[in-house]
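In the working numbering, the protein residues as written are 1433 to 1790.
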């Protein structure tokens, strides 16, 4: 991958916006993404995911370990979306399997680390793992050896990702930025931990900045660049801008499809809850005090009836449409690729949400 030292100023760059959530009428409360999803598509996707097998190299992440917390179906889903769902069309056919496997290692790492921080509350192990993404740093093996199976699996996943990434044709040139983007994702994950102790961090600006970065779209799409055609620095900058905007689509889609499950799990970090609090639909103390399925269901029904989830889905559609209409200045990679990937990803979220619970 070559880098052009000349940095041009672009006047057509897509502006970064905070979520523009508007109240909607009571008759317009069903979230609609307009991504070509229906029950038939959902059944086909679930069947395909259930039939997805993890290759031996991937299974070794979990060998002899009990990472807990997630059904095998969820790992099958993650491996599935790391393949053709997210892989850009420009990646050569003979490298697509390597892209899927490499991206899964990255996805397994970020998924496990998020569990370690949020579910297990193991901040010490979390930051030891984060050190491995820092230049010239490595985690303290004594700390990791005393940690949970999930920590050891995360270390294996990160090692596997970095080894495969650096072995890719363009990997060495992209090693520094992909490590930076991984670090940014980890810092963003830590926001949820701190916010649980300091609820003032549950605000629109913080949530949009940190929760979106925690998705990790930039590291994931760097895998395509590592195995796909080389691009110069000018196109690389524009590619990052596009992926950053697509990451917002990913985040919105995740918020809208998972908030009910997260309410049941006591996780109120999603923007759906912040907007519900801001509009007086629910109080934060009420979320914390909700005890039992009936109380949580009543809160969920109130939030749904407010139109807030539907407002986020509309924001997804509007952002997606603006991205399709914009001129992105890409020549090597079709800008439709990452946008199409976000639509395909949302279809899988819609298909599996009721099937991923423990």
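Idealized CB from N, CA, C, for every residue including glycine. Since the model is a prediction, treat every value here as computed from it, not as a measurement.
Count the CB pairs spanning the region 1753-1760 and the region 1476-1492 that are closer than 8 Å, and state whether there are at least three. no
If we count the other Cβ atoms within 10 Å of its Cβ and call it buried at 16 or more, is residue 1720 buried or exposed? Burial call: exposed.
Helix, strand or coil: which one does DSSP assign to residue 1469? coil
Would residue 1744 and residue 1687 be called neighbours here (beta carbons separated by less than 8 Å)? yes
Counting along the chain, where does the alpha helix (DSSP H) carrying residue 1770 start and finish? 1768-1784
What are the boundary residues of the alpha helix (DSSP H) that residue 1738 is part of? From DSSP, the alpha helix (DSSP H) with residue 1738 extends over 1725-1738.
Here's the rule I'm using: 16 or more other beta-carbon atoms within 10 Å means buried, otherwise exposed. How should residue 1796 be labelled? The requested residue 1796 does not occur in the structure, where the chain is confined to residues 1433 to 1790.
Helix, strand or coil for residue 1787? Go by DSSP, reduced to three states. Here residue 1787 sits in helix by DSSP.
Can you name, in chain order, every residue of its own chain whose Cβ lies under 6 Å from the Cβ of residue 1613, other than the five neighbours on each side? Counting only Cβ-Cβ distances below 6 Å, and skipping sequence neighbours, we find 1650, 1651.
Straight-line CA distance for residue 1475 to residue 1490? Their backbone Cα atoms lie some 26 Å apart in a straight line.
Contacts around residue 1541, its chain only, beta-carbon distance under 7 Å, and the 5 residues preceding and following it disregarded: 1586, 1589, 1590, 1593
Which residue marks the beginning of the alpha helix (DSSP H) containing residue 1514, and which one marks its end? Where residue 1514 is concerned, there is no enclosing alpha helix (DSSP H), because DSSP gives it neither an H nor an E.
Only counting the same chain, and skipping five residues up and downstream in sequence, which positions put a Cβ closer than 8 Å to that of residue 1497? 1581, 1582, 1584, 1585
Three-state secondary structure (DSSP) of residue 1688: helix
Shortest alpha-carbon distance to residue 1532 belongs to which of 1605, 1698, 1655? 1655
Exposed unless 16 or more other CB atoms sit within 10 angstroms - verdict on residue 1737: When all chains shown are included, residue 1737 counts as exposed.
Roughly how far, in whole angstroms, is the beta-carbon of residue 1528 from the beta-carbon of residue 1519, given that I think they are within contact range, below 8 Å? Yes, residue 1528 and residue 1519 are in contact; Cβ-Cβ is about 6 Å, under 8 Å.
Cβ-Cβ separation, residue 1536 to residue 1413 (assumed contact under 8 Å), whole Å: Residue coverage of the chain in this structure runs from 1433 to 1790, which leaves residue 1413 outside it and unanswerable.
So, does the region 1629-1641 touch the region 1596-1613, judging by three or more C-beta pairs under 8 Å? no
Exposed or buried, residue 1750, counting other C-beta atoms within 10 Å across all chains shown (16 or more means buried)? exposed
Mapping DSSP to helix, strand and coil, what is residue 1522? Residue 1522 falls in the coil class under three-state DSSP.
Straight-line Cα distance separating residue 1716 from residue 1597: 42 Å
In whole angstroms, what is the alpha-carbon distance linking residue 1634 and residue 1781? Between residue 1634 and residue 1781, the alpha-carbon positions lie close to 24 Å from each other.
Using the Cβ count rule (16 or more neighbours within 10 Å means buried), how would you classify residue 1673? By the 10 Å Cβ count, residue 1673 comes out buried.
Could you please give the first and the last residue of the uninterrupted alpha helix (DSSP H) stretch that includes residue 1529? 1528-1546
Proximal residues to residue 1468 (C-beta, below 8 Å), its chain only, five neighbours per side dropped: The beta carbon of residue 1468 is closer than 8 Å to those of 1775, 1779 in its chain, skipping five residues each way along the sequence.
Confirm, please, whether the CB-CB distance from residue 1571 to residue 1560 is below 8 Å. yes
Restricting to Cα atoms, I'd like to know which of 1501, 1680, 1690, 1513 is closest to residue 1755. 1680
Alpha-carbon to alpha-carbon, residue 1707 and residue 1740: 7 Å
Residue 1773 versus residue 1513: straight-line alpha-carbon distance, rounded: 9 Å
With a Cβ-Cβ cutoff of 8 Å, do residue 1506 and residue 1621 count as a contact? no
Would the beta-carbon of residue 1748 fall within 8 Å of that of residue 1648? no
Would a C-beta distance cut-off of 8 Å place residue 1551 and residue 1632 closer than the cut-off? no
I'd like to check one pair, residue 1663 with residue 1671: are the Cβ atoms closer than 8 Å? yes
For residue 1459, collect the residues of the same chain with a Cβ closer than 8 Å to its Cβ; drop the 5 residues on either side in sequence, then sort them by chain order. Legend: pLDDT at residue 1459 = 44, less than 50; position of this residue unreliable, no value from coordinates given.
Decide if residue 1792 is buried, meaning its Cβ has at least 16 other Cβ atoms within 10 Å, or exposed. Nothing in the structure corresponds to residue 1792, since the chain is present only between 1433 and 1790.
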